[in-house]
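Participant:
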Amino acid sequence: MTNQPPGAVSPAKEPVRVFEGVVKQVNSGDSITIREEVYNGYPKEKQITLNNIIAPKLGRRAANNDPTSKGTDDEPFSWEAREFLRKKLVGKKVFFKTAGQVSGGGKTTRYYGDIFYPTLENNIVNELVENGLVTVKNVKSNNPTSDIQTLVDLQNKAKAAKVGKWDPNAKNTAKKNNSIDDVEAFLKKNSKKRIKAVVESVIDGSTIKLLLLPEGNMITLYLSGIKCPPESVEFGDEAKFFVEVRLLQKDVEVTLEGVLSNNKTPSFFGTIHHPAGEIAVELVKQGFATCQNRSMKYLEGSADKLRAAERQAKEKKLRKWQSYTHTGPEIAEKEIVGTVIEIVREEALLLKTSHNDKPKKIFLSNIKPARLGIEAPRGEPLGDDQPPAPRAPRTLAKHFYEIPWAYEAREFLRTRCIGKKVNASVDYIQPKSDKFEEKICATVTINGINLAEELVKEGLATVMNNPRDDQMSQCFDDLKKAEEIAKQSHKGLYSKSSPPKQRITDCSSAAVSKIIFVIIN
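511 is the number that this note's numbering gives the last residue of the sequence shown; the numbers go up by one with no jumps.
1. Could you say if the stretch 468 to 485 and the stretch 447 to 454 meet the contact criterion of at least three C-beta pairs nearer than 8 Å?
2. Mark F426 as exposed unless 16 or more other C-beta atoms lie within 10 angstroms of its C-beta, in which case mark it buried.
3. H114 by DSSP, collapsed to three states: which one?
4. Figure out for me which residue from S169, A266 and E174 has the closest Cα to the Cα of L246.
5. Rounded to the nearest angstrom, how far is the Cβ of K34 from that of L238, given a contact under 8 Å?
6. Closest by CA to P359, which one among E323, Y397, K350 and W69?
7. Would the beta-carbon of F353 fall within 9 Å of that of I436?
8. Go to Y397, then tell me how far its alpha helix (DSSP H) extends in each direction, as first and last residue.
9. Quick check: the stretch 179 to 192 against the stretch 214 to 228, are at least 3 beta-carbon pairs closer than 8 Å?
10. Would you mind giving the Cβ-Cβ distance between F74 and L118, rounded to the nearest angstrom? I have them listed as a contact below 8 Å.
11. Would you kindly work out how many angstroms separate the C-alpha atoms of K491 and F258, rounded to a whole number?
12. Distance, Cα to Cα, K83 vs E300?
13. Rounded to whole angstroms, how far is the Cβ of T329 from the Cβ of K410, which I believe are closer than 8 Å?
14. Comparing the CB of T317 with every heavy atom of the ligand ATP, is any distance shorter than 8 Å?
15. Which value, in whole angstroms, describes the spacing of the CA atoms of K304 and Y418?
16. Round the Cβ separation of I44 and D64 to the nearest angstrom and send it over; I've been treating them as touching at under 8 Å.
17. In whole angstroms, give me the CA-to-CA distance for A148 and P204.
18. Cα separation between I22 and E268?
19. Leaving out the 5 sequence neighbours to the left and right, which residues in its chain are closer than 6 Å to D468 when beta-carbon positions are compared?
20. Please state the DSSP three-state secondary structure of R25.
21. Give the DSSP-derived three-state secondary structure of Y484 in the structure shown.
22. Can you tell me where the alpha helix (DSSP H) holding E272 begins and where it ends?
23. Roughly how many angstroms lie between the CA atoms of T197 and I209, to the nearest whole one?
24. Below 6 Å CB to CB, which residues in the same chain sit around L236 once its five sequence neighbours on both sides are set aside?
25. Rounded to the nearest angstrom, how far is the Cβ of L202 from that of A270, given a contact under 8 Å?
26. Name the one or two DSSP bridge partners that I198 has.
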């Protein structure tokens, strides 16, 4: 009985609200993260635990920062349930209803409810049950709701048809908690191969967690050749979201190119391949990332693309480059053609040009010659727990041929280009300082051959590690690769044997002049 007057109408029950959003990530067979479709800045997220079902549990991966921690394997059909939802929903617009909030903190608000795709008439839970991928929760009621009864009926049909987890002969594709014990061996085995993978999470724009298929190895991948800021730094959250929208939980292929040394977890440098393009190039092009010389050496075909993308972002002053201005002297003459008349030193040539009587001194861009001193070796260890004795002071070489490999470097250049015409493409001009003259630094080629690259490849010079952006050779990446070749081949400066000693008599010295005078007379 109610106290309502005759003819009064009972208040209508508040309708259940229907929300819309885009599926960001499938966490498991019964948990999905949905983000706003329209947003300002970084979109808000909700984690939905699906009503009335229980999915098999995915394995727990070992802690990233604790190599002693142990993970667990997937339960049977947990992978199939997750993959069913991932392939169907990630990146798609869905409808969802919430029936309550899940207790507990966290960055993402958690609810339990229902998700509908592609229309409001199609509850995704029904499909999971119908395919035998989840279990319907037991309902303690003699009069279950129509929704619950529908799920029970679908589960009974799946059991009768021996579908999914109800098939006693079904192949178990659960992923093992496979760890990579020897990253160097793993890289050697898979070098230059394209490995199928799923992007599991995005740490920042250039650091990504990947699940390698089919073995299920979890790795951290640092995109070769670039570096994005962390979330806490300006443009860091934008860079992360840029990658998430395009790659999170998408099928990709990855090429492993290098190993991050001294890291506790399996961490590699590599390139992600996707039909829509290379994410590393896009990050640089949009001003989210900068080129990183340290890992650029691993790239085989994309280095030029990354450098070009960075130049484009600088010109447009995008994001990280919004305050960029070119520094250093303007280059009046970009291309110089001349005849080599002198090898000034191991990285400098003197050119005689046809239109200028005064010769031009040209320095090879980003090249470091052999050391200007002779360094004594370290002393023997003083004891089991004590370091070796310090090096003796470096003695300054009186003549260039006393410097290890300096004579060979000059001879290398002399025999190849003295008296010959070369092309010098000016990369930058190093301003004059109190100690140094102004330097014209260029990429010098003879018959299309880069002299600096050949010099480095023979182990007769080294390459500057981190030159300024406005003081970089146009062929910097080729120079670094040439340096790696010299190291692996143990040539020149990287030789395991002692450098050759040049036995040269300085006939200009007073003592030698007297001897020569006596012999002649």
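For each residue, glycine too, the CB sits at the ideal point set by N, CA and C.
Facilitator: With the structure as the only source:
1. At 8 Å Cβ cutoff, the stretches touch.
2. Exposed is the call here.
3. Here the sequence assigns Ile to residue 114, which means His is not the residue at that position. In this structure, I114 counts as helix in the three-state DSSP scheme.
4. Here the closest residue by C-alpha is E174.
5. With 8 Å as the limit, K34 and L238 do not qualify as a contact, their Cβ atoms being about 16 Å apart.
6. Y397
7. no
8. Counting along the chain, the alpha helix (DSSP H) containing Y397 begins and ends at A396 to C407.
9. The stretch 214 to 228 is not in contact with the stretch 179 to 192.
10. 7 Å
11. Note on geometry: alpha-carbon atoms of K491 and F258 lie some 42 Å from one another.
12. 34 Å
13. 7 Å
14. Ligands displayed in this structure: none; no statement on the ligand ATP is therefore possible.
15. Straight-line measurement puts the Cα of Y418 at about 17 Å from the Cα of K304.
16. Wrong, their Cβ atoms sit about 15 Å apart, outside the cutoff.
17. Taking the straight line from one Cα to the other gives about 27 Å.
18. 27 Å
19. E443
20. strand
21. helix
22. Under the DSSP assignment, E272 falls in the alpha helix (DSSP H) whose first and last residues are I269 to K275.
23. 10 Å
24. Going by the sequence as given, residue 236 is Arg instead of Leu. Nothing listed; no residue qualifies.
25. About 19 Å separates the two Cβ atoms, so there is no contact after all.
26. V192 and L211
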